[in-house]
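Structure first, commentary second.
Residue numbers (our numbering), protein chains in the order written: chain W, 1009 to 1590; chain C, 9 to 687.
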């Protein structure tokens, strides 16, 4: 295989997928796509469904599960007479697609000279999918039907002909019909971009040559992935983590991983995990697998995203368990088990390669949704405020403040824009002091915010990490847990399930306060240098109590620039630390 | 504004990180002299004077000095600005540090930010304005006084005042600024709404912070510069290039500090746009390839595309109008490597100035794009261009380094060098394509204006890859940014947030706002004291479908009703995305007015020159284009308008080397550009 052609084809395939991402991000109506990139695009082999290339602007959560979705669809379509030119298939069935009902996937075949050459796929998050809760995150759902409409694999376009009845079914069953329709057609338009790019490549290299390149590229990616895995010491590494509850039954849910590293292969055994949750904190198998890849990619960032890179891994996940959801388990809280799967991978790798593994991030995507009629327009609105939080400390430094979840790139909406759009007013949006896990390298701080309702609407919260905090690694301590508090009629209330709450009515003047965890700490906090702790005190990242209890220093109070300042007594601190060690 | 009476000598000077380039013209367009001297980062005005002296520019004949500078960018990146305090609405002092929930890299969880103002210098005031501009909590004088004491004790030099919704009503910000000014007249005080009158609190606060952080430094720089020029004998007007491609008087530079962070690249695009337009191309892509990066921008109808914002660093957005320049890590110093999959990659890692490419002999061992060009004899190893202080490039060392890489791929030295160029050219072509095709344009309608020291070596391959018909190589591609300063106009952008449904807006209301903004722009122009011939005013609405975040810029005119405006939006949307979203209603997010004072702006029209045969080449050498070709080498100054040269050939000039590939030809046009086309 000519190495120049190979490199050029790889670049060209990535460019096509990137162009598909950008096209949808610019054309979508929903802010969740246009502002937070909640979408993904890929090109896939027509028979095996293996990923050829995936766009680099879409969300990491779709990293590998696009491939599993396409593979599931191929099996289904084979039974329906196969792909035809002009077909576009649509589905959101989460047991096939891996995430939740809001993520709708479109798949279109691409033919060259009448022969199926590749499959193109577009995933986009719809702002509403019917169901009991605006936005689709339904903390009290007991089955999938409560969460919204299921779209089984069906043809949106049949040989070029739009299924208008299907579109009417969507617009008749979602709360934001014009927005959803706009996004649907924006997604269908993306395939033109993909086809144009593939056609140009076929014209340049010929179909056979291009096919050979693609197959060679996947083999090369496998080789690349194996070279990284070989650097992890062989062994069996155990890690487990818990979710607080599932919003229905107030007992913790375990996710357990036994990771076996053998030369250039990885085996993820999740069989020790709990059975399906009663509430919506279930995760489909394909996204459990995808999450493992995301964790690996965060550690080995230049691993390519294609089918070859996924080959050196194998999985044991019990069907029907909390991380291999089956019908009719509700899944809208899937981002929480993702967080725990992610952190068990981190926990296992931290034992094997601590210098390359960051401590866990805040770990809860804690989606706060507000929905109701806007008093000014009488239109239905749905506002989504996901938790930001701190990242873990790592062998080279402290964790980031106010990060986005590792499986996402989504931003938090501007406060001013939110107040323009929704009948609510923010009273606070601040760094949360003392929330990062202590360590030689401290976890980054979480965030706290509070808003007040200006008219009547309902809010739901789907979060976690109140009872089970993000842990520290290599001797570091855990981060602060998350907090949700309501102000109802002037009284402060804690939701019954603490981190989860469905459709609580807020009246004008009522408020919601949320505080998110920081990241876990890395290394022994007693090894943190005094000047770093002094800076933490100066900037208010940690309190005096934490400095004294977690970092083993002695703090006194001074006046500085007209204000009180907490200052470390270095000599006394050295004595105190020595005593602790003794 | 005074009417311009006569045209005199002008000088454009672009102060870059490594070199200070000068373009001296007696008629405002032709180069009388050009030169390059080393920059002096400790005090850039020294290098600027060095350039004036080296080019022996006569101070007495000089009417105007136009200047591009990287001083602002460097100060932000290296964090060497003023010690600032920030005053915010109570509950929101951390907005500057939090940003909007993100991380530096898509993959990797170990980044960190470094806010321009640390948390202990960020203070709060219990005030509040709502989104519609209603003040619901007034400013308390005593609270401000207490906070002023703290900031004084902390010895800050500048203070940013940024309150929620100040773009809708700046009263509380102005009040606090006034109180602080009374407390200590020495402070530089910047209110967020005075810098950016648009919503999005983080972005606006960040922009105001960048302004305050730079203001004292830039003020000091402009005073020093003007003093030096005065001592040198020049007391007339000095203008500085802004990121939006417009000029601003050096004497007012402090207040425009945030506007000059992309001064240099903007100058290059401005010159390229002018050159393309004169040469008869109304659509152009400009490509500037230097040692570490390739900068591309789009020009439509002679106007560079403008973006409303950029990120200077992680969590450091800057919201000012600027020429939309996209950068990728592809330059002469980009390093070639074989990755773990056995696939050849080039960049974004760069060998930079030190150690530099292997052939420079400064200790570089990893092969770069420049090494590939040397191995293929595209670059003259015996007479290297630029100010590298080298008489000779080490071809053998470059061959050895590339040969080692080739062994991993099973390719010969020449094949490997060609492969390196193929990859780096694909990267640049890909970015170039994204710019045009993605916006619904056909790249074949564009000309590529190629410049920068390395650009003309690669431009031919880029046009071949993208399918662009014509490449324009300007007369002095290596100092184009300096020339850009000379041809630019004076420009002010005024904008404010509207954020309302288009259908709810009365026609007269928009007209009032446009008039108001135009007045403000004209006033700024007047205050600049720059001689202009004509004043051009344009209005734009930033519009979106209801619910959309990304807005589209639509040119509008006074007197239009909302139907007419909606029709213009439909048209713009279709051009950008190929379709519209039908019945969904629209929103006007903001209104922008551009007031441009045009200086000397005669577009030269010169007759098409008669065709001339190529001169005798001054040399011939074997150059590799998939095989070794006996290739003629021309000196640029022997090519006169009308000359046609056939590829493969190479044109050498002091500031760059131009490649014309086999199957292409070059024609010198009336303006002394080389137009390269696929035959």
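Positions of the beta carbon are idealized from the N, C-alpha and C atoms, including for glycine.
Cβ-based burial, residue 1242 (chain W) [other Cβ within 10 Å; buried from 16]: exposed
Three-state secondary structure assigned by DSSP to residue 1070 (chain W): helix
Among W:1553, W:1421, W:1588, nearest to residue 1575 (chain W) - alpha-carbon criterion: W:1553
Residue 59 (chain C) vs residue 681 (chain C) beta-carbon contact at 9 Å: no
Residue 138 (chain C) at chain W interface by Cβ criterion, 9 Å: yes
Under the three-state DSSP convention, the category residue 194 (chain C) falls into: coil
Nearest residue (CA-CA) to residue 200 (chain C), options C:403, C:173, C:440: C:173
Per-residue contacts from residue 431 (chain C) into chain W (C-beta, under 8 Å): 1012, 1015, 1016, 1019
CA-to-CA distance, residue 1262 (chain W) to residue 1331 (chain W), given in whole angstroms: 10 Å
Nonlocal neighbours in the same chain, by C-beta distance under 6 Å from residue 30 (chain C), ignoring five residues either side: 21, 43, 59, 63, 490
Pair within 9 Å by beta-carbon distance, residue 444 (chain C) and residue 283 (chain C): no
Chain C contact for residue 1085 (chain W) (CB, 9 Å cutoff): no
Distance between beta carbons of residue 1289 (chain W) and residue 1344 (chain W), contact taken as under 8 Å: 5 Å
Endpoints, the beta strand (DSSP E) within which residue 85 (chain C) is located: Here residue 85 (chain C) belongs to no beta strand (DSSP E); instead the alpha helix (DSSP H) covers 79–85.
Simplified DSSP state of residue 1195 (chain W), which is helix, strand or coil: helix
Residue from C:69, C:274, C:53 with nearest C-alpha to residue 226 (chain C): C:53
Spatially closest choice to residue 131 (chain C) from C:106, C:142, C:143, C:167, by CA coordinates: C:167
Proximal chain C residues relative to residue 1428 (chain W), where beta-carbon distance stays under 8 Å: 139, 207, 507
Within chain W, the residues that residue 120 (chain C) reaches when beta carbons sit closer than 7 Å: 1405, 1406, 1408
Contacting residues, own chain, Cβ-Cβ under 8 Å from residue 261 (chain C) (five flanking each side not counted): 226, 227, 229, 230, 248, 268
Per DSSP, the bridge partner or partners of residue 1501 (chain W): W:1494
DSSP state of residue 1277 (chain W) mapped onto helix, strand, coil: strand
Under the three-state DSSP convention, the category residue 637 (chain C) falls into: strand
Alpha carbon of residue 1432 (chain W) to alpha carbon of residue 1462 (chain W), nearest angstrom: 5 Å
Cβ of residue 1047 (chain W) within 9 Å of any chain C Cβ: no
Neighbouring residues, chain W, relative to residue 161 (chain C) (Cβ below 9 Å): 1568, 1569, 1570, 1571
CB contact check: residue 353 (chain C) to chain W, cutoff 9 Å: yes
Cβ-Cβ distance between residue 1186 (chain W) and residue 1249 (chain W) below 9 Å: no
Chain-ordered neighbours of residue 1023 (chain W) on chain C, where CB pairs are closer than 8 Å: 438, 441, 442
Three-way DSSP call (helix, strand, coil) for residue 1092 (chain W) in this model: coil
Alpha-carbon spacing of residue 395 (chain C) relative to residue 220 (chain C), whole angstroms: Because residue 395 (chain C) carries a pLDDT of 49, less than 50, the predicted location of this residue cannot be relied on, and the following value inherits that uncertainty. Cα to Cα, residue 395 (chain C) sits roughly 36 Å from residue 220 (chain C).
Expected contact under 8 Å - CB spacing of residue 76 (chain C) and residue 272 (chain C) to nearest Å: 5 Å
For residue 1021 (chain W), the first and last residue of its enclosing alpha helix (DSSP H): 1011–1035
Touching by the beta-carbon criterion (3+ pairs, under 8 Å), the segment 1502–1511 of chain W and the segment 1405–1415 of chain W: no
Residues bridged to residue 101 (chain C) [DSSP beta-bridge criterion]: Paired residue(s): none; residue 101 (chain C) is not in a bridge.
Entirely enclosed beta strand (DSSP E) segments - the segment 1227–1296 of chain W, minimum 3 residues: 1243–1251, 1261–1270, 1273–1277
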